[in-house]
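Everything in the sequence shown is counted per full-length UniProt numbering, starting at 1 for the first residue and increasing by one. C-beta: ideal position from N, C-alpha, C; glycine also. Fair warning: this is a prediction, and the values are worked out from it, not measured in the lab. First the structure, in the form of structure tokens, and then the observations on it.
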Amino acid sequence: MILTHVYRKIEEIPNIDTYHLETATVSSDDLMKSILRVKTDHGNEYGIRLEDPSQIMENGTTFQLGDHELLVLNVLADEAIVITPKDINEMGVIAHLLGNLHKPIQVQNGQITLLFDKVVVLTLDKHRVNYEIKKVTLDQPMRYADLTNGK
Numbered sequence: 001m002i003l004t005h006v007y008r009k010i011e012e013i014p015n016i017d018t019y020h021l022e023t024a025t026v027s028s029d030d031l032m033k034s035i036l037r038v039k040t041d042h043g044n045e046y047g048i049r050l051e052d053p054s055q056i057m058e059n060g061t062t063f064q065l066g067d068h069e070l071l072v073l074n075v076l077a078d079e080a081i082v083i084t085p086k087d088i089n090e091m092g093v094i095a096h097l098l099g100n101l102h103k104p105i106q107v108q109n110g111q112i113t114l115l116f117d118k119v120v121v122l123t124l125d126k127h128r129v130n131y132e133i134k135k136v137t138l139d140q141p142m143r144y145a146d147l148t149n150g151k
């Protein structure tokens, strides 16, 4: 079966306990693929090819398999660097450093998160930036900034 449309995020579905759920575990990198083959916890295989480019896959995305049957995407945890800048000045310096390294990041709740990279760790250490390395489950894949203004 080829799935072409995202149904909803699992937390947006009322009465989720009335559905039969199959779960497919994917990496955060898989979320950016235009075509994806997954195997579920029930042993079933499905292809995913989104027809609408505005739809995105993220942790908890569901696809409708039947009236009360859903496929749920579960994203594996990644080893990530999590930086909590002390102030706006440090945020600017860190953003500049990471931009020079051409690394995709996520900024959320005053924290910068990026996938683990030895070069980034060495750079942060050199500039005495405090950070943590921990396993995180990314809701969305890391992306580079789109500076094309939609062109």
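Name the one or two DSSP bridge partners that residue i has.
i, result
"Q106", "T113"
"L138", "None; L138 has no bridge partner."
"V38", "Y46"
"H20", "E69"
"residue 236", "For the chain, the structure presents residues 1 to 151; residue 236 sits outside this window and is missing."
"K9", "T61"
Buried or exposed for residue i, going by 16 or more other Cβ atoms inside 10 Å?
i, result
"L101", "exposed"
"T113", "buried"
"A80", "buried"
"I94", "buried"
"L65", "buried"
"L122", "exposed"
"I16", "exposed"
"V107", "exposed"
"I105", "buried"
"V119", "exposed"
For residue i, which residues from the same chain have a beta carbon less than 6 Å from its beta carbon, with the 5 sequence-adjacent residues on both sides left out?
i, result
"M1", "Y46"
"L10", "In the sequence as presented, Leu is not what sits at residue 10; that position holds Ile. Closer than 6 Å at the Cβ level, and outside the excluded window around I10, lie G60, T62 and V72."
"P141", "S28, L31 and M32"
"L36", "D30 and I48"
"V6", "Q55 and T61"
Can you list, in chain order, the residues of its chain whose CB lies under 7 Å from that of residue i, leaving out five sequence neighbours each side?
i, result
"Q111", "V82, I83 and T84"
Tell me which same chain residues have a C-beta within less than 8 Å of the C-beta of residue i, skipping the five on either side of it?
i, result
"D139", "E58, N59, G60 and V75"
"D78", "S27, S28, L115, F116, K135, V136, T137 and L138"
Quiz item: Any chance the stretch 38–45 sits against the stretch 16–26, with 3 or more Cβ pairs inside 8 Å?
Solution: Result yes; three or more Cβ-Cβ pairs closer than 8 Å.
Quiz item: Do the stretch 72–90 and the stretch 127–139 meet, that is, are 3 or more Cβ pairs less than 8 Å apart?
Solution: The stretch 72–90 is in contact with the stretch 127–139.
Practice problem: Decide if the stretch 26–40 is in contact with the stretch 49–58; the criterion is three or more beta carbon pairs, one per stretch, under 8 Å apart. | Solution: Touching, yes, given that three or more Cβ pairs across the two stretches are closer than 8 Å.
Quiz prompt | Every unbroken alpha helix (DSSP H) inside the stretch 53–134 [4 residues or more] | solution = 88–100 and 118–126, all fully within the stretch 53–134.
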